[in-house]
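In full-length UniProt numbering, the protein residues as written are 1 to 404.
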């Protein structure tokens, strides 16, 4: 190996190109030492440089994925940047609650081994009114890091003096390790996603998004792409928190809240008015400037009905993919809050999964909405049923809970 860090120049160049394409990282954020360790380990197994270079041509190959993972930065710990969590508890949650949401949802984008996601979950649980459901999603490109997060056990490296223990989060299991409290763990899920692509629609929208100390490694172009994808998932009235030096402007559609060093942004419930279009001035010759003809856009796809979304979720349930079905039903009731079959389906799914506290608000919503309809009015769904069916179902569930 004769290139940077002793690596073959051609192999290093292709590896660096691969990492940049997959992650958006700048060249100087990709440490040659990390790549060299991976290559040396493969050579020690009897692989040749030619084999490794060929495998790098396929981004989905095992070696290519190892190369990408070796370049990722996993530095994180509980309550890192405590000022963000204090803002969420003091200002963010009360502001969001004025919209009367059915639940509070948070997203830790680029969560690495999960400390940030669990910190956000504990903050929301401690700040939400009693009985208000809380959901937090942690995403990262590295499945190995997410596997660590799902184990929910951490050592001293995750607990620093600079990250004070602000809210109930973990308990000790021996002298050196802690385990995340079950209540915090039960509202936190993890999924592999890449910030260079949009978050899948099935994950829905979030009132609180944290993406800190991630974008600092991105190229300027990749940073703009990632911010656009993140902002797209922010609910009206929601808050976005970025790292201290990651952006030098307010993301489009948002307004800054708090001091500039907080790097906190808010999406107004009423969209910001676009800047006024400039009126073209006559050219010096006295002739008006030519305006290009409008570009014909393809016709929009017809919107899908709630029943179609519902049927897709039912297919997931039949396939045994309950987590994905749950996410799809949650997105369905957010988009169509008056769709009775979706509310009832999600409530029953949560009941079957042992989350009765989260099922009750949904059943109350089913009862309230069904009571406003004529008893014999048919409600559209995978199966058209009268409104009295939904009211009776909710009555039976709620009365059973009261009896218990």
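All residues carry an ideal CB built from backbone N, CA and C; glycine is no exception.
Please state whether DSSP places residue 256 in a helix, a strand or coil.
Within the chain shown, residue 256 is the residue found at index 256, counting from 1. The answer is strand: DSSP assigns residue 256 an E or B state.
The beta strand (DSSP E) spanning residue 171 covers which residue range?
Taking the chain shown and counting its residues from 1, one reaches residue 171 at position 171. Membership of residue 171 in the beta strand (DSSP E) is indicated by the continuous run 170-172.
Roughly how many whole angstroms lie between the Cα atoms of residue 152 and residue 213?
Position 152 of the chain shown, counted from the first residue, corresponds to residue 152. Position 213 of the chain shown, counted from the first residue, corresponds to residue 213. A direct Cα-Cα distance of roughly 21 Å separates residue 152 from residue 213.
Environment of residue 100 [buried if 16+ CB atoms lie within 10 Å]
Counting from 1 along the chain shown, the entry for residue 100 is found at position 100. Classification of residue 100: exposed, given that the 10 Å Cβ count is below 16.
Could you tell me if the beta carbon of residue 178 falls within a distance shorter than 6 Å of some heavy atom in the ligand PLP?
Among the components of this structure there are no ligands whatsoever, and the ligand PLP is therefore not found.
When you compare only the Cα positions, how much space is there between residue 230 and residue 139?
Locating residue 230 in the chain shown gives position 230, counting from the first residue. Locating residue 139 in the chain shown gives position 139, counting from the first residue. C-alpha separation (whole angstroms): 12 Å.
Give me the Cα-Cα distance between residue 308 and residue 12, rounded to the nearest whole angstrom.
Along the chain shown, read from residue 1 onward, the residue named residue 308 stands at position 308. Along the chain shown, read from residue 1 onward, the residue named residue 12 stands at position 12. Cα to Cα, residue 308 sits roughly 48 Å from residue 12.
Specify, as a first and last residue, the run of the alpha helix (DSSP H) that residue 84 falls within.
As a position in the chain shown, residue 84 is number 84, starting the count at 1. Segment 82-87, the alpha helix (DSSP H) holding residue 84.
Cutting at 7 Å between CB atoms, please list the residues of its own chain near residue 370, excluding the five before and the five after it.
Along the chain shown, one-based indexing puts residue 370 at 370. Contacts found: 340, 387, 390, 391 and 394.
Beta-carbon separation of residue 209 and residue 240 under 7 Å?
Residue mapping note: residue 209 aligns to position 209 of the chain shown, counting from 1. Residue mapping note: residue 240 aligns to position 240 of the chain shown, counting from 1. Closer than 7 Å, so yes.
Could you check which residue in 206, 35, 343 and 379 has the C-alpha nearest to that of residue 363?
On the chain shown, position 363 is the one that residue 363 refers to. For the residues 206, 35, 343 and 379, the minimum Cα distance to residue 363 belongs to 343.
Cβ-based burial, residue 260 [other Cβ within 10 Å; buried from 16]:
By 1-based counting over the chain shown, the position of residue 260 is 260. Residue 260 comes out exposed.
For residue 317, does the three-state DSSP call read helix, strand or coil?
For the purposes of this step, residue 317 is identified with residue 317 of the chain shown, where counting begins at 1. Per DSSP, reduced to three states, the secondary structure at residue 317 is helical.
Out of 326, 61 and 43, state which residue places its alpha-carbon closest to the alpha-carbon of residue 202.
Your numbering for residue 202 matches position 202 in the chain shown. Per the Cα distances, 326.
Tell me the DSSP secondary structure of residue 5 in three-state form.
Translated into positions along the chain shown, residue 5 becomes position 5. With a pLDDT of 46 at residue 5, under the threshold of 50, the predicted position of this residue should be treated as unreliable, though the coordinate-derived value follows. If DSSP states are grouped into helix, strand and coil, residue 5 belongs with the helices.
Measure the Cβ-Cβ separation of residue 359 and residue 347 and say whether it is below 7 Å.
By 1-based counting over the chain shown, the position of residue 359 is 359. By 1-based counting over the chain shown, the position of residue 347 is 347. Yes; because the gap between Cβ atoms is below 7 Å, this pair is in contact.
Rounded to whole angstroms, what is the Cα-Cα separation between residue 242 and residue 116?
Mapped onto the chain shown, residue 242 falls at position 242. Mapped onto the chain shown, residue 116 falls at position 116. Between the C-alpha atoms of residue 242 and residue 116 there is a straight-line separation of about 13 Å.
Roughly how many whole angstroms lie between the Cα atoms of residue 162 and residue 373?
To locate residue 162, count along the chain shown from 1; it is residue 162. To locate residue 373, count along the chain shown from 1; it is residue 373. Going from the Cα of residue 162 to the Cα of residue 373 covers about 55 Å.
Hey, quick one: how far does the beta strand (DSSP E) through residue 239 stretch, first residue to last?
Mapped onto the chain shown, residue 239 falls at position 239. Per DSSP, the continuous beta strand (DSSP E) segment holding residue 239 begins and ends at 234-242.
By how many angstroms is the C-alpha of residue 251 removed from the C-alpha of residue 228?
One-based indexing of the chain shown puts residue 228 at position 228. One-based indexing of the chain shown puts residue 251 at position 251. Each residue's Cα considered, the two are about 8 Å apart.
Closest to residue 114 by CA distance: which of 60, 136 and 94 is it?
Looking up residue 114 in the chain shown gives position 114. Closest option to residue 114, Cα to Cα, is 136.
Keeping to the same chain, check which residues put their C-beta closer than 8 Å to that of residue 223; ignore five residues upstream and five downstream.
Within the chain shown, the letter at position 223 stands for residue 223. So the qualifying residues of the chain are 24, 215, 246 and 247.
Classify residue 144 as buried or exposed, calling it buried when 16 or more other Cβ atoms lie within 10 Å of its own Cβ.
By 1-based counting over the chain shown, the position of residue 144 is 144. By the neighbour-count rule (16 or more Cβ atoms within 10 Å), residue 144 is not buried but exposed.
Could you please give the first and the last residue of the uninterrupted beta strand (DSSP E) stretch that includes residue 139?
Position 139 of the chain shown, counting from 1, holds the residue named residue 139. 134-140 is the extent of the beta strand (DSSP E) around residue 139.
When the distance is taken between beta carbons, is residue 206 closer than 7 Å to residue 103?
By one-based count along the chain shown, residue 103 stands at place 103. By one-based count along the chain shown, residue 206 stands at place 206. Against a cut-off of 7 Å, the Cβ pair of residue 206 and residue 103 comes out as no contact.
For residue 454 and residue 195, I'd like the C-alpha separation in whole angstroms.
The shown model of the chain, from 1 to 404, leaves out residue 454, and the question about it has no answer.
So, with DSSP's three-state summary, where would you put residue 393?
Taking the first residue of the chain shown as 1, we reach residue 393 at position 393. In the structure shown, residue 393 sits in a helix (DSSP, three-state: H, G or I).
From residue 238 to residue 270, what distance separates their C-alpha atoms?
Counting from one through the chain shown, the residue named residue 238 turns up at place 238. Counting from one through the chain shown, the residue named residue 270 turns up at place 270. Roughly 12 Å between the two C-alpha positions.
With a 10 Å radius around its C-beta and 16 neighbouring C-beta atoms as the bar for buried, classify residue 333 as buried or exposed.
If you number the chain shown from 1, residue 333 lands on position 333. Burial call: buried.
Please specify which runs of the alpha helix (DSSP H), each continuous and at least 4 residues long, are wholly inside the region 359-391, giving them in chain order.
none
Report the CB separation of residue 310 from residue 258 in whole angstroms; it is logged as a contact under 8 Å.
Start at 1 with the first residue of the chain shown, and residue 310 comes out as number 310. Start at 1 with the first residue of the chain shown, and residue 258 comes out as number 258. Incorrect: roughly 41 Å between the Cβ atoms, too far for contact.
Taking the alpha helix (DSSP H) that residue 131 belongs to, which residues open and close that run?
Translated into positions along the chain shown, residue 131 becomes position 131. First-last for residue 131: undefined, no H or E at that position.
Would residue 193 be called buried (16 or more neighbouring beta carbons within 10 Å of its own) or exposed?
For this step, residue 193 is matched to residue 193 along the chain shown. Result: buried.
Rounded to whole angstroms, what's the CA-CA distance from residue 379 to residue 397? Just pull it up for me.
Indexing the chain shown from 1 puts residue 379 at position 379. Indexing the chain shown from 1 puts residue 397 at position 397. The alpha-carbon atoms of residue 379 and residue 397 are separated by roughly 20 Å.
Which residues does DSSP pair with residue 227 in a beta bridge?
Residue numbering aside, residue 227 sits at position 227 when the chain shown is read from its first letter. Answer is none; residue 227 lacks a bridge partner.
Strictly by DSSP, which residues pair up with residue 211?
Walking along the chain shown from the start, residue 211 turns up at place 211. 242.
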